[in-house]
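Enquirer: Residues in the sequence shown are numbered from 1 upward in steps of one, following full-length UniProt numbering.
Have a look at the structure that comes next, please.
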Amino acid sequence: MSETTPPNAGRPGTESASSSSPSSPATPPEPPTAASPPPVPPLPVLDPAAGQGEPGATGIVTTSNATDTPSAAARAATDALESASAVAPAAPPGTTLEGDAAQARTTAAAETAAQEHAAQSARERAVPGAPPPGFGAPPDFDSPRPPPASSVAQTQPAYLRQNDSAWSVLGRTIAARARQLFDRAGQRITQRTLRIGVSARIFHPEPGARGLRGKTLQYLEESVAHWVMSRDVMVFMIPTVGHQGMLHPSNIRLRDYAKHLDGLLLQGGADVSPQTYAASDMRPEWPGDRVRDMYELELLYEFVESGKPVLGICRGCQLINVAFGGTLYQDIATEVPTAGVHVSEFYDQHRHAVRFPDGSSLASMFPGRREAIVNSIHHQAVRTLGRDLNIEAVSASDGLIEAVRYRRAPFVVGVQWHPEFHRAGGQELLDCTPLLDTFLRAARETRF
Numbered sequence: 001m002s003e004t005t006p007p008n009a010g011r012p013g014t015e016s017a018s019s020s021s022p023s024s025p026a027t028p029p030e031p032p033t034a035a036s037p038p039p040v041p042p043l044p045v046l047d048p049a050a051g052q053g054e055p056g057a058t059g060i061v062t063t064s065n066a067t068d069t070p071s072a073a074a075r076a077a078t079d080a081l082e083s084a085s086a087v088a089p090a091a092p093p094g095t096t097l098e099g100d101a102a103q104a105r106t107t108a109a110a111e112t113a114a115q116e117h118a119a120q121s122a123r124e125r126a127v128p129g130a131p132p133p134g135f136g137a138p139p140d141f142d143s144p145r146p147p148p149a150s151s152v153a154q155t156q157p158a159y160l161r162q163n164d165s166a167w168s169v170l171g172r173t174i175a176a177r178a179r180q181l182f183d184r185a186g187q188r189i190t191q192r193t194l195r196i197g198v199s200a201r202i203f204h205p206e207p208g209a210r211g212l213r214g215k216t217l218q219y220l221e222e223s224v225a226h227w228v229m230s231r232d233v234m235v236f237m238i239p240t241v242g243h244q245g246m247l248h249p250s251n252i253r254l255r256d257y258a259k260h261l262d263g264l265l266l267q268g269g270a271d272v273s274p275q276t277y278a279a280s281d282m283r284p285e286w287p288g289d290r291v292r293d294m295y296e297l298e299l300l301y302e303f304v305e306s307g308k309p310v311l312g313i314c315r316g317c318q319l320i321n322v323a324f325g326g327t328l329y330q331d332i333a334t335e336v337p338t339a340g341v342h343v344s345e346f347y348d349q350h351r352h353a354v355r356f357p358d359g360s361s362l363a364s365m366f367p368g369r370r371e372a373i374v375n376s377i378h379h380q381a382v383r384t385l386g387r388d389l390n391i392e393a394v395s396a397s398d399g400l401i402e403a404v405r406y407r408r409a410p411f412v413v414g415v416q417w418h419p420e421f422h423r424a425g426g427q428e429l430l431d432c433t434p435l436l437d438t439f440l441r442a443a444r445e446t447r448f
């Protein structure tokens, strides 16, 4: 501060140094009044930013030349009240009641002012959007914002040229749209993986069997799955469905599988029951699998009705014939004594030759070949051909039907041999990859 105040200045009954001259007449002393608090000197405030760059700097500034934060202002008001209470002199003896009352009013006014100052500081701190103390700086609401879209000047599209005519713009638009459509079609055809369903083999519980006692198994032979998957196709085994006899009934039907899958493969297995084609059992040990017959006949019907391709293997070929009204030899050796051997103890290593009739689809799949070597693992065969079926292959030694095709559908073919076993059988056996590719091609074409 630039000025000093005498120690007795402002005290009742005391003259200042400038007024006590000998020539001045003495005046009677005035009655004592209530003491007013002396002016409060500016309080020092710590500046955390000061003194960081210079050695010896204390980082202290006064409130007269520093910008008070709300918390600093509140502390200053509180300290001022305490200083006023400490500096204010006690009333001398003989002070009147009026002086005491005035002093009390002055003290109350100072307290009220301090409280109002603290409340104002609290209101200043409660800024909308400000974070709580110690949680970083408040957001900057004055930062520049991007202009609205309506204020941006509309410019000519970058793809237009200065010399573009209406016809050239139209031509490029049509070409771009055509490329987009062709790209979408190509992606659907080439990128989506085919999903082929395979009918389940059924293992019925046998008395005294160990393991899963009394449980029915549904499964597929792995060579079938691997053969189809070799063309990067997803394989799904289709279980039996229905309410009767199911421990956990479901509303899912076989038509749902026909709707969501792209094709059906009927794998081999147990004999077709004679009851399925209205015949009686020739021998009790050949009852067939009536449960599987009903399941696969419904499955075949749903896929044919959906226009999806079907490939039958061994039993699957016989089932296709029965589905369209054909019948079977229950045992070739018994009913056709002159026939060649079609099943032996060598299982899939047993083989014989087949012929492709002229004009058959198999002849077109294997151009330049009229005969081929295939495996043979069946003791039953097609007897009477079903309606709307064509013969696709016959046994070279006895003329028994070895393959059929339903001519009223894009692809419903059955072969009596097991093409999934041919790769492991050596170079002599027919490579059935063209048969698989034709089946999968039909699945792609009927998918859209």
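Where a beta carbon is used, it is the ideal one built from N, C-alpha and C, also for glycine.
Below 8 Å, can you find three or more Cβ-Cβ pairs linking the segment 221 to 230 to the segment 271 to 288?
Expert: Because the criterion of three Cβ pairs below 8 Å is not met, the segment 221 to 230 and the segment 271 to 288 do not touch.
Enquirer: With the cut-off set at 8 Å, would you say H378 and V343 are in Cβ contact?
Expert: Result yes, Cβ atoms of H378 and V343 sit closer than 8 Å.
Enquirer: Leaving aside the five residues before and after F421 along the sequence, list all residues of the same chain whose C-beta is less than 7 Å from its C-beta, in chain order.
Expert: Only S223, D348 and N375 meet the Cβ criterion.
Enquirer: Looking at the unbroken alpha helix (DSSP H) that takes in S364, where does it start and where does it end?
Expert: First-last of the alpha helix (DSSP H) with S364: S361 to M365.
Enquirer: Evaluate A442 with the Cβ neighbour count: other Cβ atoms within 10 Å of its Cβ, from every protein chain shown; 16 or more gives buried, anything less gives exposed.
Expert: With 16 or more other Cβ atoms within 10 Å, it is buried.
Enquirer: How is the alpha helix (DSSP H) around H352 delimited, first residue to last?
Expert: That residue, H352, is in no alpha helix (DSSP H); its beta strand (DSSP E) goes R351 to R355.
Enquirer: Suppose you measure from the CA of E298 to the CA of I174; what does that come to, to the nearest Å?
Expert: E298 and I174: Cα-Cα distance of roughly 47 Å.
Enquirer: Which term fits I252, buried or exposed, when burial requires 16 or more other beta carbons within 10 angstroms of its beta carbon?
Expert: Label assigned to I252: exposed.
Enquirer: Spatial neighbours of residue 474 within its chain, please: CB distance less than 8 Å, with the 5 preceding and 5 following residues excluded, ordered by chain position.
Expert: Absent from the structure is residue 474, since the part of the chain shown begins at 1 and ends at 448.
Enquirer: Between A403 and V415, which are expected to be in contact by the criterion C-beta below 8 Å, what is the C-beta distance as a whole number of angstroms?
Expert: Right, their Cβ atoms sit about 5 Å apart.
Enquirer: Is Q218 near the ligand COA - that is, is its Cβ less than 7 Å away from at least one heavy atom of it?
Expert: The ligand COA is not part of this structure, which contains no ligands at all.
Enquirer: Measure how close the beta-carbons of E296 and L266 come, nearest whole angstrom, since I'm counting them as under 8 Å.
Expert: Yes, E296 and L266 are in contact; Cβ-Cβ is about 6 Å, under 8 Å.
Enquirer: Would you call D437 buried or exposed, if buried means 16 or more other Cβ atoms sit within 10 Å of its Cβ?
Expert: Under this definition D437 is an exposed residue.
Enquirer: My understanding is that F439 touches L311, with C-beta atoms under 8 Å, so please give their C-beta distance in whole angstroms.
Expert: That belief holds up - the Cβ atoms of F439 and L311 are roughly 5 Å apart, short of 8 Å.
Enquirer: Taking L266 as part of the beta strand (DSSP E), name the residues at either end of that continuous run.
Expert: From DSSP, the beta strand (DSSP E) with L266 extends over G263 to L266.
Enquirer: Would you kindly check if the distance between the Cβ of G263 and the Cβ of K308 is under 8 Å?
Expert: Yes, Cβ-Cβ distance for K308 and G263 is below 8 Å.
Enquirer: Could you pull the DSSP bridge partners for residue 457 from this structure?
Expert: This structure cannot speak to residue 457, because the chain is shown only from 1 to 448.
Enquirer: What residues match up with S395 in a beta bridge as DSSP calls it?
Expert: S395 pairs with V354.
Enquirer: Determine the burial state of G288: buried for a count of at least 16 other Cβ atoms within 10 Å of its Cβ, exposed for fewer.
Expert: That one is buried.
Enquirer: Could you check which residue in Y406, A176, E111 and A110 has the C-alpha nearest to that of Q318?
Expert: Checked all of Y406, A176, E111 and A110; the closest Cα to Q318 is Y406.
Enquirer: Quick one: is P337 buried, meaning 16 or more other Cβ sit within 10 Å of its Cβ, or exposed?
Expert: The residue in question, P337, is exposed, as its Cβ has fewer than 16 Cβ neighbours within 10 Å.
Enquirer: Apart from the five residues on each side of it in sequence, which residues of its chain come closer than 6 Å, Cβ to Cβ, to P367?
Expert: For P367, where only same-chain residues beyond five positions count, there are no Cβ hits under 6 Å.
Enquirer: Return yes when the Cβ of V394 is within less than 8 Å of the Cβ of R355, no when it is not.
Expert: The answer is yes: Cβ separation under 8 Å.
Enquirer: Considering only residues of the same chain and omitting the five flanking positions on each side of E335, which have a CB-CB separation below 7 Å?
Expert: Y329, listed in sequence order.
Enquirer: By DSSP's criteria, I373 is part of a beta bridge. Which residues make up the other side?
Expert: Beta-bridge pairing links I373 to A353.
Enquirer: Can you tell me the Cα-Cα spacing of R351 and I373, whole angstroms?
Expert: Whole-angstrom Cα-Cα distance: 7 Å.
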